[in-house]
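4 protein chains.
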Amino acid sequence: MSRINANTKGVFVIAATPFTPDGKIDHNSLDGMVDFYFDKGADGLTILGMMGEAPKLTQSESLAIAKQIIKRAAGKPIVVGVSAPGLAAIGELTKAVMDEGAAGVMVAPPGNLKTNEQIITYYANVVKTIGEDVPVVLQDFPLATGVSISSATMGTIFENHPSIVMLKHEDWPGLQKISDLRDAEKKGRRRVSILCGNAGVFLPEEMRRGADGAMTGFAYPEMMVEICRLCNADQYDKAHDLFDAYLPLMRYEQQPALGLAVRKFILARRGVIAHASQRQPGADLSPTAQQEVIFLMTRLEKRMAEIS
Amino acid sequence: MSRINANTKGVFVIAATPFTPDGKIDHNSLDGMVDFYFDKGADGLTILGMMGEAPKLTQSESLAIAKQIIKRAAGKPIVVGVSAPGLAAIGELTKAVMDEGAAGVMVAPPGNLKTNEQIITYYANVVKTIGEDVPVVLQDFPLATGVSISSATMGTIFENHPSIVMLKHEDWPGLQKISDLRDAEKKGRRRVSILCGNAGVFLPEEMRRGADGAMTGFAYPEMMVEICRLCNADQYDKAHDLFDAYLPLMRYEQQPALGLAVRKFILARRGVIAHASQRQPGADLSPTAQQEVIFLMTRLEKRMAEIS
Amino acid sequence: MSRINANTKGVFVIAATPFTPDGKIDHNSLDGMVDFYFDKGADGLTILGMMGEAPKLTQSESLAIAKQIIKRAAGKPIVVGVSAPGLAAIGELTKAVMDEGAAGVMVAPPGNLKTNEQIITYYANVVKTIGEDVPVVLQDFPLATGVSISSATMGTIFENHPSIVMLKHEDWPGLQKISDLRDAEKKGRRRVSILCGNAGVFLPEEMRRGADGAMTGFAYPEMMVEICRLCNADQYDKAHDLFDAYLPLMRYEQQPALGLAVRKFILARRGVIAHASQRQPGADLSPTAQQEVIFLMTRLEKRMAEIS
Amino acid sequence: MSRINANTKGVFVIAATPFTPDGKIDHNSLDGMVDFYFDKGADGLTILGMMGEAPKLTQSESLAIAKQIIKRAAGKPIVVGVSAPGLAAIGELTKAVMDEGAAGVMVAPPGNLKTNEQIITYYANVVKTIGEDVPVVLQDFPLATGVSISSATMGTIFENHPSIVMLKHEDWPGLQKISDLRDAEKKGRRRVSILCGNAGVFLPEEMRRGADGAMTGFAYPEMMVEICRLCNADQYDKAHDLFDAYLPLMRYEQQPALGLAVRKFILARRGVIAHASQRQPGADLSPTAQQEVIFLMTRLEKRMAEIS
């Protein structure tokens, strides 16, 4: 059982939750999907996040999925999204998944938080509820949550709670925030791991600014793995060559709400999951959109052949 | 087992959830609180709403509370709040409480809904998830949810779903919406029950506009019962005399977030619950605020003696 | 030419802007309205605020109104609302009205501010734009602006900018904020004047917590004047007696958006302005709503006869 | 004097407003910038939009800029952004710029609109205020305005107001909306021109879905011109080849708030404007960010050499 910490690096893929066309959890696809992510080089997975359709699951379903994935991961770290409107639900799910061997939990701020003080108090309550021994990922995603966390507020939270060891970084624009956090660490603040989201659309710049890797669900995790490797080796031009090949598709997959349908469509075409289906309610990918994605996938393959 | 329907009238008190000072559910106070509400004339209760600290409960706690209250109510109707970010949780909790004998469920729209079309689709998904046989209360509370439902949108929802039998009305301003709905019914749209919230601060005007009663948690339910009775008897001046006596306290209790602390403080002073405690996190009532409430309670008693 | 400062006390009425039924500024009513406010005991006026329909005016109209009112006020202080999306417009209007003899300007935060840091920077930019010699009222009205300013953030702003001499207080709930500010002053922070808004619905409690008066547009300014006098004389029970008589109407006038129509309707019935008209677009007062207001005005007169 | 209409096609560049480092309008750069845009193939310009720092201008400055640009454009169409919190300001500015020879005005919905009905009423009020003879561009940019306009609502607005001849399309995701509008036109609704924003990051797909061109301010307008040409000639693969070369930079320029600094930095490096300066307050481009942009510009040049 491995746990994340402030020095964790690499690529944690946000895992999809496969469903059958009639809305049942596709447990058959789950193991294969986990294998696929790790075969492509993922260092860990994050499950039951926004893109994992977590709110469409009952708690018993959530636990069953977590259990199966943690088992299949065979010791590789699995972070579990536990964001919920109330602390009781967060506490209950956290205890259950940590007991199963999760590597940590991820918590986004609820949308009713306004002032810096309210945000700081919220994370104090979270840590108090789940215990100081559970590693926490702070998810900073203002576009989805509506909550803006300044660099200074984030610093206060990190100083207050050593168990918050990682930032899932997806503010937009967000590059300066990485620089701010790393600058503060140079002046003595304790280190946190920074893994970046937003479908990877700023990954090379984020790595160069000091990020430790990626935590997002782009359907080609091998791209993220390779870009992190190249950036860590200071081969930025090569990293951008690869990045540029994937960017047209990443941009398409980053579209809010629609993005999950795109992601599942690609994963299904790649044979990773049996069906692109989302559980209802879910935005369908129209035939026109499917053609657009296939067009981009074909161009990607052609471009990859050119640059490799 | 009684169920609500489109002709339900009267006062449904939004029930508090009593806790002990150390944050445990105060099951000992629960039965007495239920008895108190019915002794004061309530026609039914609504539980596990925003003011019932529902998000602070685990699902097993929610069910235990619902079970105890439904049993104690001995056949009187209990509406259960089931609002949640995802449909699966709504479906699961609805099934459980309806099996226990609930009179119906209440659903507020999630904050991410924007257009009329999205709101209409959401309620279609809710009804599909829980089944067309479960009576539903649509909670219209834009100040808390951030979702504005126009009179026309509401009309479409009522026309689409006969199982949505009641509106918990707490838009602000909201009087025109009652008139709009009743006008549409005169022109042929099916009737819905309208029970009003907002701590009762517009109750006489709402009754005169065509509301069927109140659904709110003001700590003096006897006031709501009597105002409904007087308005139904067209004794509006008497209704306002009573209303005016309570209004200073209602206004104080209506304060967002702080209101629940006020409500529980009064209920505890009235001997209805053993402790004013909220489960953490909860806004405390400062000593100064406590003095202000006691001052207003004392003035209320004096005024009641004058007008009775 | 008098200017507001950190010790300003009393009642500043938020002035309406009278229009003729065809949408022209009713300059004939303006002087009489100014006289009415001062006859009823107002210490000053605040013009071109949200309730003054400022956004419906062209800048030349705004200036013409300001000029006429400042002249008619004959030395009594006139605060001018200058909130705008951009600093240039704020700077331009401020210069113009200060040249005319305004007592200061009022600025609410624009809705796109999120973090404490952004709010603090915004007011620094405002003060830099208009100059440090112009007295500023900070309007704290989260329900209308969407911006939440914590007590600590407000303290920082007051410490940074001596020219921000007054708070128009209308957070809701907001009593604790008054206590917080006064407590900080006891520990050494410089004093600011606190005048309270929200149609006066918490005025007695606000005065007791340390407010200096009222800044709101309730159509019976004599009530605000008298309550401030009674509270300053520690006659709180008498203050509440008066307050309770007006509260049913204040509550009705406090309704968002609709409130201005109510206010103008009452002012017109009291003979203060010739027409209740708002410039388009403006929410009309329906015949039913008019009857409700007249009913409450009649009850107020009766109650005033009883308690006087 | 040319005016836009429902058949207008091509590229309308959102023009920057050049400032000197001390915050004065750089009138010397203005003419050259206008020439640059038209030399690169622009069909028209849109000025005084969000990216033109309009809220930082006084009205007299706005008019002076509009006058100079309309004159320099020598008959080419200039659309002027007139969005403002109040209708009076919209009416006043519209009259002034149409008198100067503007091709039309652009209006985004104010952030307080919620329901479909409110949005529809708002545009009715706009058209009534400015007159039915002024061509209007409806700007649909939910990420910036907070207002979501459904395809059906947009259709109602277009049906109600023939003078609203163009959609500035920048919903995200927004491709389906183009398809929805074109589908409705096939069934009989009158045609509107659709020009697309969002820095061009979906331009090839938007053209293929039926858009008429672009209206955005990406610092390489020649790219937009060429992509529109290629798409109109059904040369989609070539269009994507070009698009892919620019996408890394477009993505960087699309960052909210920061984007304008990036755009001006590139325009200054390209010699189009003398200074990258924004009028205060404006987000500066940090030295690190400048390096990132230069890195991307260098890669773009290299890639353009490869594919041409």
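Protein chains in written order, with the UniProt record's numbering: chain B, 1 to 308; chain Y, 1 to 308; chain H, 1 to 308; chain C, 1 to 308.
Even for Gly, the Cβ is constructed at its ideal location relative to N, Cα and C.
Pick from the options: whose alpha carbon is nearest that of residue i?
i, options, result
"Y:A64", "Y:P287, Y:I25, Y:V13", "Y:I25"
"C:P162", "C:L175, C:V127, C:D171", "C:V127"
"H:T156", "H:M304, H:I119, H:Q278, H:I14", "H:I119"
"H:T8", "H:G259, H:A96, H:D43", "H:D43"
"Y:M215", "Y:R251, Y:Q176, Y:V293, Y:L138", "Y:L138"
"B:C231", "B:Y252, B:A54, B:V11", "B:V11"
"H:F141", "H:W172, H:N160, H:M166, H:M154", "H:W172"
"C:A6", "C:K187, C:E159, C:A96", "C:E159"
"B:M223", "B:A199, B:A211, B:I4", "B:A199"
"H:I178", "H:R190, H:E185, H:G210, H:A152", "H:G210"
"H:D284", "H:E306, H:L300, H:A257", "H:A257"
"H:G52", "H:K186, H:G282, H:E132, H:M297", "H:G282"
"C:A219", "C:D237, C:I4, C:Y37", "C:Y37"
"C:T153", "Y:N116, Y:G188, Y:K187, Y:K186", "Y:N116"
"Y:R299", "Y:I194, Y:G217, Y:D244, Y:V79", "Y:D244"
Over the uninterrupted beta strand (DSSP E) stretch that includes residue i, give me the two end residues.
i, result
"B:S193", "193-196"
"H:T46", "44-47"
"H:L138", "136-140"
"residue 323 of chain Y", "Because residue 323 of chain Y is not part of the residues shown, which for chain Y are 1 to 308, the question remains open."
"H:F12", "10-14"
When DSSP labels each residue in this structure, what does residue i get in the three-state scheme?
i, result
"C:D99", "helix"
"H:V272", "coil"
"C:K76", "coil"
"H:A289", "helix"
"Y:A108", "coil"
"B:H169", "strand"
"H:F202", "coil"
"H:G91", "helix"
"B:G210", "coil"
When you compare the CB positions of residue i and residue j, do they come within less than 9 angstroms of one another, or not?
i, j, result
"H:M106", "H:V134", "no"
"Y:P248", "H:H169", "no"
"B:M50", "B:A89", "no"
"C:D99", "C:R72", "no"
"B:T94", "B:T46", "no"
"H:T288", "Y:L175", "yes"
"H:A66", "H:L48", "yes"
"Y:S2", "Y:A96", "no"
"H:R279", "H:L57", "yes"
"Y:V201", "Y:Q235", "no"
The alpha helix (DSSP H) with residue i in it runs from where to where?
i, result
"C:I25", "Where C:I25 is concerned, there is no enclosing alpha helix (DSSP H), given that its DSSP letter is neither H nor E."
"Y:F158", "151-160"
"B:F243", "236-253"
"H:N7", "Note, H:N7: premise wrong, no alpha helix (DSSP H); not H, not E."
"B:D183", "175-186"
"Y:R279", "It is not in any alpha helix (DSSP H) - Y:R279 carries neither H nor E in the DSSP assignment."
"B:M51", "B:M51 -> no alpha helix (DSSP H), and no H or E assigned at all."
"H:R229", "221-232"
"B:V147", "Counting along the chain, B:V147 falls outside any alpha helix (DSSP H), and DSSP gives it neither H nor E."
"C:K40", "Neither: C:K40 is in no alpha helix (DSSP H) and is coded neither H nor E."
"B:E132", "Taken as a continuous stretch (DSSP letters only), B:E132 belongs to no alpha helix (DSSP H), as it is neither H nor E."
Mind checking whether the beta-carbon of residue i lies closer than 8 angstroms to any heavy atom of the ligand ATP?
i, result
"C:A88", "Ligands in the displayed structure: none, and consequently the ligand ATP is not present."
Validate contact between the segment 109-118 of chain B and the segment 136-155 of chain B using beta carbons, cut 8 angstroms, 3 pairs: yes
contact_flag[the segment 14-22 of chain B, the segment 262-274 of chain B] where n(CB pairs < 8 angstroms) is 3 or more: Yes, the segment 14-22 of chain B is in contact with the segment 262-274 of chain B.
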